[in-house]
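Visitor:
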Amino acid sequence: MSIFREHKSIADRSAADRQRHKKLIDRAIKDSIKDVIAEESIIGQSGNKKIKIPVKGIKEYQFVYGSNQNNKRVGSGGEHDIKPGDQIGKKQEPSQGDQAGNQEGEERYEVEVTLEELAEYLFSDLNLPNLEKKKFKFVKEKTLKRKGFRKAGIRPRLSKKETLKRRIRRKNAAIKAGTHNPEDGERFPFHKDDLKYKDLKPRLKESSSAVAFFLMDVSGSMGKDKKYLARALFFLLYQFLNHRYDNVEVVFISHTTTSKEVTENEFFTRGESGGTMMSSALELELDIIQKRFHPSSWNIYTFYCGDGENWPDDDPAVLEMLPQIKSMSQLVCYTEIISESSSRRRQFLFGSDAFSEELWDKLQPLTNNIFKRARISSKEEIWPLFRRLFGRDLK
Amino acid sequence: MKDWSVETLQEWDKKICESGKRFGLDWYPIDYEIIDYHEMIGAMAYTGLPTHYRHWSFGKSFEQTHTRYHLGMEGLPYEMIINSNPSIAYLMKENPLSTHLLTMSHCLGHSDFFKHNRMFKHTDADNILVRFKSAAKRINKYMEDPSIGIDKVERILDAAHAVKYQVQRTPERRRRSHKEMLEFYKDIVSSDKEGKYDDFDLEKIPLRPDYNLLAFICEHSRNLEEWERDVISIVEKESHHFVPQAYTKIMNEGWAVFFHEKIMNDLNLPPDLQIPFIKLHNQVVRPHVGRVNPYHLGYKLFKKIEEESGIQACFVAREVHDDVSFVRKHLDEKMCRELNLFSYSFKKSRRANTIDEISDEEGWASVRDNLLKTVGLNSIPVVRVESVDKKTHTLHLQHEHDGRDLEIPYANKVLGYITDLWGDEVKMFSIVEDEIWEF
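Same order as they appear, the protein sequences are chains A and B.
Sequential numbering of the first sequence, starting at 69, is according to this note's numbering.
Sequential numbering of the second sequence, starting at 609, is according to this note's numbering.
#1: Under 8 Å by Cβ, that's how I've got A/V330 and A/S341 pegged, so tell me the actual separation to the nearest angstrom.
#2: Is the Cβ of A/S289 closer than 9 Å to any Cβ of chain B?
#3: Determine the burial state of A/I490: buried for a count of at least 16 other Cβ atoms within 10 Å of its Cβ, exposed for fewer.
#4: Give a single yes or no on whether A/A83 has its beta carbon closer than 8 Å to a heavy atom of the ligand GDP.
#5: How long is the line joining the alpha carbons of B/V839 and B/W863, rounded to whole angstroms?
#6: Check the Cβ-Cβ distances between B/W664 and every residue of chain A, and say whether any is below 9 Å.
#7: Quick one, which of B/K857, B/K794, B/W620, B/D621 has its alpha-carbon nearest B/F721's?
#8: In chain E, which residues lie with their C-beta within 8 Å of the C-beta of A/H75?
#9: Can you tell me where the alpha helix (DSSP H) holding B/V843 begins and where it ends?
#10: State the start and end residues of the unbroken beta strand (DSSP E) segment that holds B/M700.
#11: Check each residue of the stretch 876–907 of chain B: if its Cβ is closer than 9 Å to any Cβ of chain A, include it; give the result in chain order.
#12: For B/K741, which residues of its own chain have a beta-carbon under 6 Å away from its beta-carbon, when the five flanking residues on both sides are left out?
#13: Mind listing which residues of the stretch 974–999 of chain B have their C-beta closer than 8 Å to chain A's C-betas, in chain order?
#14: Ignoring anything shorter than 4 residues, give me the alpha helix (DSSP H) runs that lie fully in the stretch 861–946 of chain B, in order along the chain.
#15: In terms of DSSP beta bridges, what is A/P270 paired with?
#16: Going by alpha carbons, who is nearest to B/N820 out of B/R783, B/S917, B/W835, B/S719?
#17: Between the C-alpha atoms of A/S407 and A/E351, what's the straight-line distance to the nearest angstrom?
#18: Does the distance from the C-beta atom of A/F230 to that of A/K264 stay below 9 Å?
#19: Report all residues from its chain with a CB closer than 6 Å to the CB of B/S713; omit the five preceding and five following residues, and keep chain order.
#20: Compare the Cα-Cα distances from A/D381 to each of A/Q392, A/L427, A/S365, A/P391 and report the closest residue.
#21: Return the chain-ordered list of same chain residues with a C-beta closer than 7 Å to the C-beta of B/C944, the five sequence neighbours on each side being excluded.
#22: Ignore the nearest five residues each way along the sequence and tell me which others in A/V386's own chain have a CB closer than 6 Å to its CB.
#23: If contact is defined by three or more beta carbon pairs under 8 Å, each pair taking one atom from either stretch, is the stretch 635–642 of chain B in contact with the stretch 687–696 of chain B?
#24: Assign B/H1051 to one of three DSSP states: helix, strand, or coil.
#25: Whole angstroms is fine: what's the gap from A/L304's alpha carbon to A/M389's?
#26: Rounded to whole angstroms, how far is the Cβ of A/F302 from the Cβ of A/C373, which I believe are closer than 8 Å?
#27: What would DSSP say about A/K328, mapped onto helix, strand or coil?
#28: Tell me which same chain residues have a C-beta within less than 6 Å of the C-beta of B/P878, skipping the five on either side of it?
#29: Leaving out five residues before and five after B/R777 in sequence, what residues of the same chain have Cβ atoms less than 8 Å from its Cβ?
#30: For chain A, check one thing: does any of its Cβ atoms lie closer than 9 Å to the Cβ of B/I842?
#31: Look at A/Y369 and A/A298 and say whether their C-beta atoms are less than 9 Å apart.
#32: Find the nearest neighbour of B/H1004 within the set B/F934, B/P817, B/A925, B/Q920, judged by alpha-carbon distance.
#33: Are three or more beta carbon pairs between the stretch 663–671 of chain B and the stretch 698–714 of chain B nearer than 8 Å?
#34: Less than 9 Å between CB atoms is the rule here; does B/K629 satisfy it with respect to chain A?
#35: Suppose the cutoff is 6 Å on Cβ atoms and the five residues either side in sequence are ignored; what does the same chain contact list for A/F282 look like?
#36: Quick one: using the 10 Å Cβ neighbour count with 16 as the cut-off for buried, is B/I825 buried or exposed?
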């Protein structure tokens, strides 16, 4: 005779493992974001736009046989009339390389996030450096402060202590009421009502005001790919500032041999042909600083993106103006977008033709914790560079 | 609408058990847990075990199963039983009485199979639950240990799971430890009169190729901490428990279907139970077009044996065979034709799966042989430990190539996991597109 047992509890035994699985997916999302940030589709979009991030399922690998002619499998034809040579299932799309991900049956998650959420993901552990307490102007910094408890909330904010306290209280009450006897070893599980979550209240904190200058070379030598990378980097910087500070002013300056101040939209979308004179952009920036953003009340951030192919005749002017800007700025970043081939050519030139000292090298003496140089050649390098500039682990 | 109570189930259980005995079944006592849908999916995620160690893959499995049912890709779950004494089986609250009756009859078949098939000899059904419980406790202890923590434990579990099916292919035999093996070879070498073993190196590791990767690593890695060895051996022991089921999927399901049909017909069900039963039964044994439904194939084969040689021959078959020998012996041309089986493979030139042979006069034997290559553990590549370098401690693995090439990106990932466990360098050899390939 068999035994029948009806379960009374509503134990959700896989909850912890599901949570853990979700965490791994979250991590995978974060990893994919690095690829996504440089995708054209999100550049220059507004904050509420939703972005789909494809995340590969967390795969469990084992030794398996590949799909090849020698690996024959067997199936049943059911009622169908079949003959050798018949095709089964769909044609496979040509796969991209030998990645361990193009397998049939692969799980893919598509996670939809808004730009704002994306920024939250990316920037939550970064902070603008050197935010000196200058004269307070417009800017308020948003912070969240822990305050009190609430009944509902997300898992990471679960207050174990408060929850435990409530369970103990309930348990003691149950013992008094005689509904629970601790002697007989029966579990006294947590109840939904026990759960307490830490509450967060937003607070506006006074903070100094900041202005960011985005300078970009849009001349002919900046090819499409390079502009694309520059845009991606500026996009991140812009999202970062927008996310973190209420009233950060942003000035966009695009330059060829001459410079002009442009709108955000123009900055990211318009390209021009012509030569390269970086000094013109710096001159314009100095002018704008003088007119609109006095260093005594503004934190100044300057980000320059170019391909390093400045006209040599212009270099002395650049070297003269950059220290001025540096002395007023909290952070100046000079970024060269280079292609793999050009970096090789550079090495070659350097060996054979030593007099052609690059602007990059001439800037070397300026570098310190305020002035930084960076070279990137692929979208994968954008995020590490970004972290290097703004991570707390800076120094 | 719930059309049953525990009392009804008990009454029917009595009849089902009596019927099962009349047919000659001999099973472990069965404990039925009556649970709801979520618990059922939960139980399935943990392969039915009431207590099991934690790992994210079970959370993933839960989500996947849930999604499949949710999207209607599968009907409601109805059957889940584990190989223990007593056997633990699950009945899902949401199912109607007719489904429960089928499940209960089906479970007698499984439990009888667990008790009698030779592959299950070493699964230690009496103590299995206690063992799993203690394993879960230990893993939990490591996860909560501040000096270890969940991340480190997960790293070992991730890696061990990747090779959990790399076990010796003879589950009915116990693996001998290195010490036992050494005694064995010492005896051989000292009693060897013909000089065949003059060159035998008693210091080499392993003394003969080892197919149980996890057990070997536990025994010989010089980089593992005690808790890590314990975690690896927990995974290895669990494999031991489940490998016999992998070896007998077709037989085990076939046997259970074969008898649930007999028992249900024996019960003289009223039409309001009989009709839904027939519907569900037909669903269970329907051929899956493009695949092989183990329930269907196993059921058909036992039917055939019964017709040709009588029910006693069925009982003998359920005791002595595993899927490979069972299919090889009993799947003949007539049956292949009846099931309309074919073999297929992926053709690079056409970028699609294409039928190679069908079950006609020339093709059927080849179809059967190809089927044999995918039943039991034959769909899992065999990788053995060849040697360990005495100086560098490099682990040399050999894939036993049987014509089928490994999926290289996967193999690379798995080798990464093996390196995580072994702690020294790992090398593996195989054949890819007719060339020797070193991983």
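Don't be surprised by glycine CBs; every beta carbon is placed ideally from N, CA and C.
Just so it is clear, the structure is predicted and the values come from calculations on it, not from any experiment.
Guide: Concretely, from the data shown:
#1: For the purposes of this step, residue 330 of chain A is taken as the residue at position 262 of the first sequence. For the purposes of this step, residue 341 of chain A is taken as the residue at position 273 of the first sequence. Actually they are not in contact, since the Cβ atoms of A/V330 and A/S341 sit about 16 Å apart, beyond 8 Å.
#2: What you label residue 289 of chain A is simply residue 221 of the first sequence in a count that begins at 1. Output row for A/S289: interface = no.
#3: Residue 490 of chain A lies beyond the stretch modelled for chain A, which goes from 69 to 463, so this question has no answer here.
#4: Only the bare structure without any ligand can be found here, which leaves the ligand GDP out of the picture.
#5: For the purposes of this step, residue 839 of chain B is taken as residue 231 along the second sequence, with counting starting at 1. For the purposes of this step, residue 863 of chain B is taken as residue 255 along the second sequence, with counting starting at 1. For the pair B/V839 and B/W863, the Cα-to-Cα distance works out to about 35 Å.
#6: If you number the second sequence from 1, residue 664 of chain B lands on position 56. Answer yes: the Cβ-Cβ gap between B/W664 and chain A drops below 9 Å somewhere.
#7: The residue labelled residue 721 of chain B in the question sits at position 113 within the second sequence. Here the closest residue by C-alpha is B/K857.
#8: Among the protein chains of the structure shown, namely A and B, there is no chain E.
#9: Within the second sequence, the letter at position 235 stands for residue 843 of chain B. Taken as a continuous stretch (DSSP letters only), the alpha helix (DSSP H) holding B/V843 covers 834–855.
#10: For the purposes of this step, residue 700 of chain B is identified with residue 92 of the second sequence, where counting begins at 1. B/M700 -> beta strand (DSSP E) spans 695–700.
#11: So the list reads R894, P895, H896, V897, G898, R899, V900, N901, H904, L905, given in the order they occur along the chain.
#12: Reading the second sequence from its first residue, position 133 is the one you call residue 741 of chain B. Same-chain partners within the cutoff: T659.
#13: Per Cβ criterion, the list reads V975, N978, L979, K981, T982, S987, I988, P989, V991.
#14: 879–892, 902–917, 919–928, 931–938
#15: Here residue 270 of chain A refers to the residue found at position 202 when the first sequence is read from its first residue. A/P270 is bridged to A/L212.
#16: By one-based count along the second sequence, residue 820 of chain B stands at place 212. B/R783 is the residue among B/R783, B/S917, B/W835, B/S719 whose C-alpha sits nearest the C-alpha of B/N820.
#17: For the purposes of this step, residue 407 of chain A is taken as residue 339 along the first sequence, with counting starting at 1. For the purposes of this step, residue 351 of chain A is taken as residue 283 along the first sequence, with counting starting at 1. Rounded to the nearest angstrom, the two C-alpha atoms are 28 Å apart.
#18: On the first sequence, position 162 is the one that residue 230 of chain A refers to. On the first sequence, position 196 is the one that residue 264 of chain A refers to. Correcting the residue identity first, residue 230 of chain A is Glu in this sequence and not Phe. Yes, they are a contact pair.
#19: In the second sequence, the residue the question calls residue 713 of chain B occupies position 105. Excluding sequence neighbours, B/S713 sits near I624, H868, I871, M872.
#20: Within the first sequence, the letter at position 313 stands for residue 381 of chain A. With distances taken between Cα atoms, A/D381 lies closest to A/L427.
#21: As a working mapping, residue 944 of chain B is identified with position 336 in the second sequence. So the qualifying residues of the chain are S967, W972, V975, R976.
#22: One-based indexing of the first sequence puts residue 386 of chain A at position 318. These residues qualify, in order along the chain: M346, S347.
#23: yes
#24: Given a span of 609 to 1047 for chain B in the structure shown, any question on residue 1051 of chain B remains unanswerable.
#25: Looking up residue 304 of chain A in the first sequence gives position 236. Looking up residue 389 of chain A in the first sequence gives position 321. Straight-line Cα distance between these residues: approximately 26 Å.
#26: Locating residue 302 of chain A in the first sequence gives position 234, where the first residue counts as 1. Locating residue 373 of chain A in the first sequence gives position 305, where the first residue counts as 1. Confirmed, Cβ separation roughly 7 Å.
#27: Your numbering for residue 328 of chain A matches position 260 in the first sequence. DSSP places A/K328 in strand when its eight states are reduced to three.
#28: Indexing the second sequence from 1 puts residue 878 of chain B at position 270. If we look at B/P878 and ignore the five residues flanking it on each side, it has no Cβ neighbours.
#29: Locating residue 777 of chain B in the second sequence gives position 169, where the first residue counts as 1. Around B/R777: Y819, L985, V990.
#30: Here the question's residue 842 of chain B lines up with position 234 in the second sequence. No, because no Cβ of chain A sits closer than 9 Å to the Cβ of B/I842.
#31: Looking up residue 369 of chain A in the first sequence gives position 301. Looking up residue 298 of chain A in the first sequence gives position 230. Cβ distance not < 9 Å, so A/Y369 and A/A298 don't count as in contact.
#32: Here residue 1004 of chain B is taken as the residue at index 396 of the second sequence, counted from 1. Closest option to B/H1004, Cα to Cα, is B/P817.
#33: no
#34: Within the second sequence, numbered from 1, the residue matching residue 629 of chain B stands at position 21. It does not: the Cβ of B/K629 has no partner Cβ on chain A nearer than 9 Å.
#35: In the first sequence, the residue the question calls residue 282 of chain A occupies position 214. Correct list, in chain order: F302, F320, F371.
#36: The count along the second sequence starts at 1 and reaches residue 825 of chain B at position 217. Looking at its Cβ environment, which holds 16 or more other Cβ atoms inside 10 Å, B/I825 is buried.
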